[in-house]
Amino acid sequence: MRTIKYALAFIFSCAILLGCGGKEEKKKEGFTYENKKSTTKKVEESDPNQVVLTSNDQMKFNKTEIRVKAGKKVKLTLKHIGKLDKKIMGHNFVLLKQGVSVSAFGNHAATFAENEYIPEDTKDIIVHTKLIGAGETTVIEFDAPAVGEYDFLCSFPGHYAIMKGKFIVE
Numbered sequence: 001m002r003t004i005k006y007a008l009a010f011i012f013s014c015a016i017l018l019g020c021g022g023k024e025e026k027k028k029e030g031f032t033y034e035n036k037k038s039t040t041k042k043v044e045e046s047d048p049n050q051v052v053l054t055s056n057d058q059m060k061f062n063k064t065e066i067r068v069k070a071g072k073k074v075k076l077t078l079k080h081i082g083k084l085d086k087k088i089m090g091h092n093f094v095l096l097k098q099g100v101s102v103s104a105f106g107n108h109a110a111t112f113a114e115n116e117y118i119p120e121d122t123k124d125i126i127v128h129t130k131l132i133g134a135g136e137t138t139v140i141e142f143d144a145p146a147v148g149e150y151d152f153l154c155s156f157p158g159h160y161a162i163m164k165g166k167f168i169v170e
């Protein structure tokens, strides 16, 4: 009886092992196993002035520091990788001039809902993107400002406290 149990266990194990191997996986057309993040990094390493910044539903940018070269065009792509609508969890990228207070600007911007939280009466901004929601992407191109350190943020109400970073021009 014991021998029959071992024989059945052996046959069952062999059947499972044979069933798991030997088949070639078919790939869908256009599908790749490449890590897309590594492709993005390669582009940024070859041209630091091509910046891809993502934002999510947890109110976070994927970068808190962006480094670009002075005297060159900057192409910044902002992608919202979350699932929430821009009325609930909208994000933008705002690059402030040197010396502008992030919190003072963020509080002021919160009163401009009709203008996607970009104050119409300010001279504190170097450049900004439009406000985007889930699955949306926006691209802006601009000349890198003078060598130095600048603040960037999302101006959606309350987001500036977490969604901010340094834009460093070298």
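First residue of the sequence shown? That's 1 in full-length UniProt numbering, and the numbers climb one at a time after it.
We put the CB at the ideal spot given by N, CA and C, even for glycine.
On a predicted model such as this, the values are computed, not experimentally measured, just so you know.
Buried or exposed: Ala109, going by 16 or more other Cβ atoms within 10 Å of its Cβ? The residue labelled residue 109 in the question sits at position 109 within the sequence shown. For Ala109, the number of other beta carbons within 10 angstroms of its own is at least 16, and it is reported as buried.
Taking the C-alpha atoms as reference points, what is the distance between Ala113 and Lys86? As a working mapping, residue 113 is identified with position 113 in the sequence shown. As a working mapping, residue 86 is identified with position 86 in the sequence shown. The alpha-carbon separation between Ala113 and Lys86 amounts to approximately 12 angstroms.
Secondary structure at Phe61, three-state DSSP: helix, strand or coil? One-based indexing of the sequence shown puts residue 61 at position 61. Phe61: strand per DSSP, three-state reduction.
Cβ pair Phe93, Phe152 closer than 8 angstroms: Start at 1 with the first residue of the sequence shown, and residue 93 comes out as number 93. Start at 1 with the first residue of the sequence shown, and residue 152 comes out as number 152. Yes, the Cβ-Cβ distance between Phe93 and Phe152 is below 8 angstroms.
Buried or exposed for Ser101, please, with buried defined as at least 16 other CB atoms from any protein chain shown within 10 angstroms of its CB. On the sequence shown, residue 101 is found 101 positions in, with the first residue counted as 1. That one is exposed.
Kindly indicate the opening and closing residues of the beta strand (DSSP E) around Ile132. Your numbering for residue 132 matches position 132 in the sequence shown. Judged by DSSP secondary structure, Ile132 falls outside any beta strand (DSSP E); it is assigned neither H nor E.
List the DSSP bridge partners of Gly165. Locating residue 165 in the sequence shown gives position 165, where the first residue counts as 1. BP columns for Gly165 point to Phe152.
Per-residue burial, Ser103 [other beta carbons within 10 Å of its own, 16 or more giving buried]: Within the sequence shown, numbered from 1, the residue matching residue 103 stands at position 103. So Ser103 counts as exposed.
Just to confirm the assignment, what range does the beta strand (DSSP E) spanning Ser55 have? Indexing the sequence shown from 1 puts residue 55 at position 55. From DSSP, the beta strand (DSSP E) with Ser55 extends over Gln50 to Ser55.
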